[in-house]
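Chains as they are written, first to last, in the working numbering: chain A, 3 to 343; chain B, 3 to 343; chain C, 3 to 343; chain D, 3 to 343. Reading through the structure tokens given below for one structure.
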């Protein structure tokens, strides 16, 4: 593909995150053009037409794939649809960006990998957005430069602000549980920052601090886990749905000569308030605000990789491994036993 | 102008900041199109052509103004050229964005205002970029909401990282001195955040801590000043060229019920390092990184104001008043006496 | 005992921590008088005589217990001696303060408790010093006041600064391992802050990041653990011997309406440095500096409890329970299986 | 005086701060014994007798000075009494610790210095307590070690929490105004940290943000000032009575190679709260809590200097110079003109 050719992209799914990707593709990413949108929901297509003037709208995914000249698809669809939609896109000769997680089913992950292997000229990337955050990138580079010696331990948490409406409980039936929904990000970060060690054993536990109705889904609203890798590397994860102060994503990487921490205080911005409550800062309410810039960098990186034929550092194997570990965490939570990997 | 019509913009001056504006206009601002660039320097025009594919290039400003269909110009030129270039653009019927400061000469400021008054349908905005920073915006809104009671005092500093090459000294002859070059931002912030009080009296002092060669320009590398406004409002300013740790822009606004601080620690990002030096964060090296997002918001705001015919909150009078106070600070520094306004 | 009578105290063991207790007893605690010191090491007794002018010196513990008019003993001796020394002191009618941990052996803990039960008029307190730290006290009080709703989760770490001499390795044979030596503090804090829940199941893991010679003691230099209590309460512990930046004791308590964090940055003091390394603070080098004030409050509290016949909130049962959980953590570390309690 | 001889001390004045000094002298300072207390107020003497069991009580200052064997007096009395009381104590052969400020009158300062010069064997120290704070001490030592290159600028503030009762207004008539009452500390710190430069010119301004009734005393509740020293050294001061969040004492020292900040956030302790208000810490309510340890160090230093015949680094000349600059600030506030020194 010619360096200067603009990539023609179609987006599938226009929920909150789909809209963000669509807006970025429409006006903030150099080298890409959002030519088509696809959704089974008329309201989502209307938004694409009215807010973004997307020229081509499809209710049917196969029809989108058949769109003349389409180079790539962005899948921001329910997780259960990911494997088949990715496979269909690859078979139609399209590059694929798909939101995380790849799948809740390990066999499906492997089918996707196998199909991707048949199309080495096509890029497939799962949206582990944190890898594209400037602070995580800085941490990664400092580790490569030896700033903390040999990294051996990660603590990583994904803690959502408490939603009094319990909106997320609706999705508990299909989310795969807190570890596959939230910790999958932390699992991917731990692997990346520790140099892709091989997981050996996991143990998980959790509690329902507020949302007792999660019991029907055998899920928890606060979960902790230990993941042991080979060569003495370790990770501890914490996921929560019940924070009072905001969305609190934090990761510590400890090495033999220092420690890096990303997000020790989820500041909303650079404003500090001194009043009757003390000295304080407000916090980002959700991952949406926290990773606003990272979502843009993620898409730009994907588009650039296709246009300049660069290798993606984030692979399908990474996504499969995150799912594999996430499944083991859930299994341990239910069995109350360590799970060997 | 039709809401959905794209604004055709020409940029003048492609130094470091000019390039940033050009890049933003080219691919990150909805509703604007960078159709032309102007510079007396061939290298700058080559960059515009090669890096951004700007279609029309001009070595001459009048030729740019004559470009067919041009709606607006962005002036990122030496301060001494600002007044005449703004006036010429207005006379040619163009909207004008011009980098700060408007001018070092109060009479020139007034000439520009007079010309602008003759073209009420044209927008003119001077680039006081900090007003468009998310944290300063948040501070402003909280003040409007009464979060700190009645605001009565501002402390604001603009402290640049020490440049061992003393690059800025070259510009000292034409910069107007540290207060007109740096504190003019703080002056504008103080006026904005305190509700546009009328300045009454200023007093300034300073020292040459490192750059003794500034003596030939009667300038200092560290300056402090007090500005008294009417109704008992006060501001204190600090400007420096000699920080060891980075660019440190910080503003405190104190009210009868609380205090807001923007930028108490000029963090580079959300990464914290714990090592033999203690617990630390790296800092933004210059205003360029500190206000990266604000530069984009600034341009978007200007473009939107034209396209949607919205009133600009940042006026030429604001820019003139900042110059007027900055000149008084310099006068006080030289005379060692308070200056009445 | 009369309110105003001064307590006559003897100290046993004058290592680093013993000296601190001795100094506090000598000149900083109202109502106590250090009348005697005991140590098998002549150098320690010389220090007591020369530095503190302690009037009576004993090489033999029984001789100290026989000292006329002695009210209480402070045991700052090797852990293996604690149970017998406490029992002997009780039998001699003395109040006892003993450094943590009570013992590494659960049966010994129970023997001590049984003996203490026979002397209800005598106070026995194990030195879980963190409970007396002003910040932990503040956290505890805020929890009682409902500031974070119902507390359900604790994360607590005890991370020592890396000692290139590996001094602590010498003690690894008798320390009981990292969990009984370090995490025992975190265990006690978790129980205290969560309202003394009953432990149900623990799981632990660890690694030797630097000190490979710990292998001979089946110990690690970095350990993590999960402790599940009844009623859905949870704790996660982290202990380390390898921090680059200082001693980093930190505890988070999460409740249904908020989170408290003690020690998120182990600042040495209120000084902040901005230089070529960024913006930073130095850190406390060891628990000794971190808990300097708490050691004094601890002793004062103990002395006051005796003089004013107040109930101690920190009981022998608390110390026994900390040992019980610590032993289970070690067992899990070795067996790689959860341990039920 | 023999090294090991205990100093016999009498205290004069038992208001809030007097009581703290009395308590420290009674039970927390090695080498000193509080043998007598003096106050014209019976209630204060009763407190000394009941709470501290001070053996000798005097309503009359001369009677105290005549107390047999008395070595030193602590004056915690109204400022207007300081000069005469110090002179009388010196004439009676007593060492003197006196609370700041030495006096509001420069001539009185000089009379005290002249008297002290006649008694070179007696120590006189004015209580500039901040010099004894661990963080300020650390800053001072780092400067001596060259950590920030050549220090050339100080920003220092003393900001009291707003007292809705306006208690301090009662004292405005005799306090000498905000600069002599509050900034005198900052003046002393600036001189100390900048290496005792000679003041050349000051300029001050201020406002009454809340306490309009200060107008009758020609005082303000918020004041700012610039103090120029020789050799290009500079200080900026801020004093306030109206903070919402607590007592906020902060000092920045900037050098050619770095900046030190003491007290950038007046944290109450190491506890951080994350709740609906964001992430926050509570603040120290007054100088009393902020400098609790420093008050003890201050007294210990004074006592040690006498017992070990050490030179005091804090001299009467320092106290006189702080008063001299403070008077000039007040003069500038009233005249709205710079004042030459």
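Note that the Cβ used here is the ideal one computed from N, Cα and C, for glycine as well. Just so you know, these numbers come straight off a predicted model, no measurement behind them.
Within 10 angstroms of its Cβ, does residue i collect 16 or more other Cβ (buried), or is it exposed?
{"i": "residue 315/A", "result": "exposed"}
{"i": "residue 91/C", "result": "buried"}
{"i": "residue 254/A", "result": "buried"}
{"i": "residue 79/A", "result": "buried"}
{"i": "residue 342/C", "result": "exposed"}
{"i": "residue 233/A", "result": "exposed"}
{"i": "residue 53/B", "result": "exposed"}
{"i": "residue 71/B", "result": "exposed"}
{"i": "residue 256/D", "result": "buried"}
{"i": "residue 183/C", "result": "buried"}
{"i": "residue 218/A", "result": "exposed"}
{"i": "residue 48/C", "result": "exposed"}
{"i": "residue 39/C", "result": "buried"}
{"i": "residue 344/A", "result": "Lying before the first or after the last residue shown, residue 344/A is absent from chain A, which here runs from 3 to 343."}
{"i": "residue 313/B", "result": "exposed"}
{"i": "residue 167/D", "result": "exposed"}
{"i": "residue 336/A", "result": "exposed"}
Is residue i helix, strand or coil by DSSP?
{"i": "residue 71/A", "result": "coil"}
{"i": "residue 4/D", "result": "Unreliable positioning characterises residue 4/D in this predicted model, as indicated by a pLDDT of 42, which lies under 50. The coordinate reading is nonetheless provided below. Looking at residue 4/D - three-state DSSP - the assignment turns out to be coil, as it is neither helix nor strand."}
{"i": "residue 267/B", "result": "coil"}
{"i": "residue 198/B", "result": "coil"}
{"i": "residue 15/D", "result": "coil"}
{"i": "residue 342/A", "result": "strand"}
{"i": "residue 9/C", "result": "strand"}
Please check the pair residue i and residue j, which I expect to be a contact at CB under 8 Å, by giving their CB distance rounded to whole angstroms.
{"i": "residue 228/D", "j": "residue 228/B", "result": "6 Å"}
{"i": "residue 196/D", "j": "residue 153/D", "result": "6 Å"}
{"i": "residue 280/D", "j": "residue 272/A", "result": "Contact flag wrong, Cβ pair sits at about 13 Å."}
{"i": "residue 193/D", "j": "residue 333/D", "result": "That pair is no contact at about 19 Å."}
{"i": "residue 50/C", "j": "residue 24/C", "result": "7 Å"}
Practice task
Ignoring anything shorter than 3 residues or poking outside the region 279-322 of chain B, list the beta strand (DSSP E) runs there in chain order.
Solution key: 280-283
Exercise for the section: Mind listing, in chain order, the continuous alpha helix (DSSP H) runs of no fewer than 4 residues lying wholly within the region 80-144 of chain D? Expected result: Fully contained in the region 80-144 of chain D are the following alpha helix (DSSP H) runs of length 4 or more, in chain order: 84-93 and 108-119.
Handout entry: Segment contact, 8 Å Cβ cut-off, at least three pairs: the region 236-244 of chain D with the region 257-277 of chain D
Key = no
Exercise for the section: Tell me, please, whether the region 306-320 of chain C touches the region 139-156 of chain C by the rule of three or more beta-carbon pairs shorter than 8 Å. Expected result: no
Exercise for the section: Counting only runs of 3+ residues fully inside the region 227-262 of chain D, write out the beta strand (DSSP E) ranges in chain order. Expected result: Fully enclosed beta strand (DSSP E) runs of 3 or longer: 236-245 and 250-257.
Exercise for the section: Let me know the beta strand (DSSP E) ranges lying completely inside the region 20-61 of chain D, each 3 residues or longer, listed in chain order. Expected result: Runs of beta strand (DSSP E) with 3 or more residues, each lying fully within the region 20-61 of chain D, are found at 34-40 and 58-60, listed in chain order.
Handout entry: the region 122-140 of chain B touching the region 12-27 of chain C, judged by at least three CB pairs closer than 8 Å
Key = no
Exercise for the section: Output the residue ranges of the beta strand (DSSP E) runs that lie fully inside the region 140-218 of chain C and measure 3 residues or longer, sorted by chain position. Expected result: 153-163 and 201-209
Problem - the region 124-138 of chain C contacting the region 94-110 of chain C, beta-carbon criterion three pairs below 8 Å - result: yes
Exercise for the section: Determine contact between the region 100-114 of chain B and the region 40-53 of chain B, defined as no fewer than three beta-carbon pairs at a distance below 8 Å. Expected result: no
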